[in-house]
Amino acid sequence: MRVVLIRHAEVDHCWSRCCTSEEFDAECRMYDVAPIKEKEYEIQRIEHRRIYISELSRTLATAERLFPKEELTVTGLINEVPLRSSFDMGRKLPLWIWNVSGRLQWLFNSPRQAEGICKTQQRARLFTEMIVEEDVDCVAVTHGFYMNTLLSELRKKGFKTDKTHAKFKNGEYVIASI
45 MRVVLIRHAE
55 VDHCWSRCCT
65 SEEFDAECRM
75 YDVAPIKEKE
85 YEIQRIEHRR
95 IYISELSRTL
105 ATAERLFPKE
115 ELTVTGLINE
125 VPLRSSFDMG
135 RKLPLWIWNV
145 SGRLQWLFNS
155 PRQAEGICKT
165 QQRARLFTEM
175 IVEEDVDCVA
185 VTHGFYMNTL
195 LSELRKKGFK
205 TDKTHAKFKN
215 GEYVIASI
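Taking my numbering, I'd label the letters of the sequence shown as residues 45 to 222.
Have a look at this one:
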């Protein structure tokens, strides 16, 4: 069984370099609905029986570009880990501070974030169990931050991967097989 995880195409959104907490939350919402950039991605022809996409539009647009006219299965189990500002502040802070502090809160399961690491791992485990039970080669068009948790769950089930690095570029894919 082979599972191909593809990070969605690059999103056509220009983040503000500095923002207040309210502005950062608005930026995150805008990013989630922004279209993908018109760019070609190289992907080898992959044999598959099913294509999964997340509920976010950027995975749909990516899958339609890579696999035109093929049936797609939408599942929230492979959505990106949601992110919001880590605290309320009217003063502008650099974007990297909001990103790092929000992901640290995720790591420590802070209630300030919509989802902590435990919930993300649970979603990845449920998706992994679902595809293992179906036992068919598949593709999952998903998100960069979430991919690492999903790869970890696949490895726990005995999958071997062709790449081991933790940061995947837009349009990049990794093959996990058992």
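Just so it is clear, CB atoms sit at the ideal spot from N, CA and C, and this is done for glycine as well.
Under DSSP, residue 119 forms no beta bridge with any residue. With contacts defined as CB atoms closer than 8 Å, residue 186 and residue 98 qualify as a contacting pair. The straight-line gap separating the alpha-carbon atoms of residue 209 and residue 70 is approximately 31 Å. Restricted to the region 58 to 100, the beta strand (DSSP E) segments that are unbroken, complete and at least 3 residues in length are 94 to 97, listed in chain order. A check of alpha carbon separations from residue 46 across 151, 193, 176, 82 identifies 176 as the nearest.
For residue 164, the enclosing alpha helix (DSSP H) has its first and last residue at 161 to 178.
Contact between the region 107 to 122 and the region 164 to 175 is established, with three or more Cβ pairs separated by less than 8 Å. Residue 55 and residue 205 have their alpha carbons spaced roughly 26 Å apart.
Residue 179 and residue 196 have their alpha carbons spaced roughly 19 Å apart. Between residue 132 and the set 214, 87, 220, 63, the nearest pair of CA atoms involves 63.
Here the C-alpha atom of residue 117 lies approximately 5 Å from the C-alpha atom of residue 96. For residue 127, the secondary structure class from DSSP, reduced to helix, strand or coil, is coil. Judged by DSSP secondary structure, residue 144 falls within the alpha helix (DSSP H) whose first and last residues are 139 to 151. Using a Cβ distance threshold of 8 Å, residue 76 and residue 104 do not count as a contacting pair. Here residue 191 is buried: its Cβ has 16 or more other Cβ atoms, across all protein chains shown, within 10 Å.
In the structure shown, the three-state DSSP call for residue 207 is coil.
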